[in-house]
Amino acid sequence: MAIGVFDSGVGGLTIHRTLVERLPHADFIYLGDQANIPYGGRSGEEIVELTRAGCERLFDAGCSLVVLACNTASGVALRRLQQTWLPDYRKALGRPVNVLGIIVPTIEAATGLPWEHEAERRGEKVEKLDVLAVFCTPATARSRVYEIEIDKRRQDVAVFSEPCPNIVPLIESGAGAAELAKEVEGHVKAISTRIGRPPDRAILGCTHYEIIADLFRAALPPGTPLIHQPGATADALIRYLERHPEYEAGTGGLRRFLTTGRPGAQHELVEAFWGGPLSFEQA
Ligand code: DGL
230 MAIGVFDSGV GGLTIHRTLV ERLPHADFIY LGDQANIPYG GRSGEEIVEL
280 TRAGCERLFD AGCSLVVLAC NTASGVALRR LQQTWLPDYR KALGRPVNVL
330 GIIVPTIEAA TGLPWEHEAE RRGEKVEKLD VLAVFCTPAT ARSRVYEIEI
380 DKRRQDVAVF SEPCPNIVPL IESGAGAAEL AKEVEGHVKA ISTRIGRPPD
430 RAILGCTHYE IIADLFRAAL PPGTPLIHQP GATADALIRY LERHPEYEAG
480 TGGLRRFLTT GRPGAQHELV EAFWGGPLSF EQA
């Protein structure tokens with residue numbers, strides 16, 4: 230059995246790359262839904278259906294676990310799929326399968342608290358408000374997943390999401406650093422105006438933003454900590470596999486890359502996300 234990694238395109242390779250580095254012997258199959266990217270401007274129903282189809286494709290290919298390496302799919306579709314589709318699908322398949330997202334690990338890294346601590350902090354006196362900015366796609370911002378889930382754990386963290394509708398299309402179309410820097414600066418300014426001051430910390434809550442993290446660093450006040458989503462996801466997956474030996478991750482170091490888009494070699498964008506070119510099979 231292998232670990233599946235799903236994203237709306239190739240941005241999830243930023244997460245995948247770290248998973249592969251941290252679990253070098255595990256078998257991995259990556260699926261990029263390049264025929265349907267971007268998810269960030271789609272409706273909730275569309276995102277749920279596309280994410281379900283992607284997971285099913287990865288389970289068919291021999292995966293036991295699927296990591297949604299996409300904030301939009303994790304924020305909008307994961308809970309729905311876990312509650313409505315997965316239980317019956319698992320029964321029909323007759324073997325353990327599960328789907329995990331990247332938002333919970335990111336929130337754990339941002340709050341320093343696992344889920345179990347949810348209620349403990351309620352009622353505690355708030356001494357100093359820690360303001361966290363989440364830069365993300367419009368669909369992730371609309372889901373309010375970061376606000377809702379962080380608020381369950383930490384009353385002393387205020388979360389502000391900033392939807393950035395143009396950044397993914399700009400990166401996908403090969404925009405240059407100057408154009409992207411202007412877009413990022415505009416969003417940092419907008420969210421700082423909304424908050425009344427710059428944020429204390431930030432989450433780059435979209436796979437694509439990892440490759441322009443330096444532009445966010447330059448636009449935010451010097452030294453603003455950025456929560457590292459690939460590292461947080463790898464830590465969480467390793468802990469999950471230790472606790473759940475029923476999900477075999479394999480030992481052969483398999484690396485397969487599937488796409489719903491055009492199969493074959495992919496360069497520029499893939500190099501930015503993965504660090505080198507890759508060859509994709511038709512999903
Ligand atoms: N992978 C998506 C995310 O992390 C960004 C690309 C898209 O909009 O599909 O939200």
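Converting from the sequence shown to the working numbering requires adding 229 to each position, the first position being numbered 1.
The C-beta atom is built at its ideal place from N, Cα and C for all residues, glycine as well.
Computed from a prediction, not measured in an experiment: that's the story for all the values here.
Contact set for residue 349: own chain, Cβ-Cβ below 6 Å, skip 5 residues either direction: Note on residue 349: pLDDT 47, under 50, position unreliable in the model; the coordinate value appears next. No residues qualify anywhere along the chain.
When the Cα of residue 433 is compared with those of 236, 327, 270 and 363, which residue comes out closest? 363
Using the three-state DSSP reduction, which class does residue 349 fall into: helix, strand or coil? At residue 349, the pLDDT of 47 sits below 50, so the modelled position is not reliable and the matter cannot be decided from this model.
Selection from 462, 509, 469 and 477 that minimises the alpha carbon distance to residue 171: There is simply no residue 171 to check, as the chain begins at 230 and stops at 512 in what is shown.
List the whole-angstrom C-beta distance separating residue 297 from residue 307, where the pair is believed to meet the contact cut-off of C-beta under 8 Å. 6 Å
If you follow the alpha helix (DSSP H) that residue 282 is part of, which residue opens it and which one closes it? 273-289
Taking a contact to mean a Cβ-Cβ separation below 8 Å, would you say residue 445 touches residue 413 in this structure? yes
Residue 324 versus residue 472: straight-line alpha-carbon distance, rounded: 17 Å
Can you tell me whether residue 353 is buried or exposed? The criterion is at least 16 other CB atoms within 10 Å of its CB, across all chains shown. Since pLDDT at residue 353 reaches only 49, below the 50 mark, its modelled position is unreliable, and no value is offered.
Tell me whether residue 344 sits in a helix, a strand or coil according to DSSP, three-state version. A caution first: residue 344 carries a pLDDT of 46, below 50, which makes its placement in the model too unreliable to give a value.
Any non-hydrogen atom of the ligand DGL within 7 Å of residue 490 CB: no
With a threshold of 8 Å on Cβ separation, who are the neighbours of residue 379 within its own chain once the five nearest residues in sequence on each side are excluded? 336, 339, 340, 361, 386 and 388
Please state whether DSSP places residue 443 in a helix, a strand or coil. helix
Buried or exposed for residue 245, please, with buried defined as at least 16 other CB atoms from any protein chain shown within 10 angstroms of its CB. buried
Boundaries of the alpha helix (DSSP H) in which residue 460 is found, first to last residue: 458-472
Which of helix, strand or coil DSSP assigns to residue 325: coil
Report the three-state DSSP secondary structure of residue 375 (helix, strand or coil). helix
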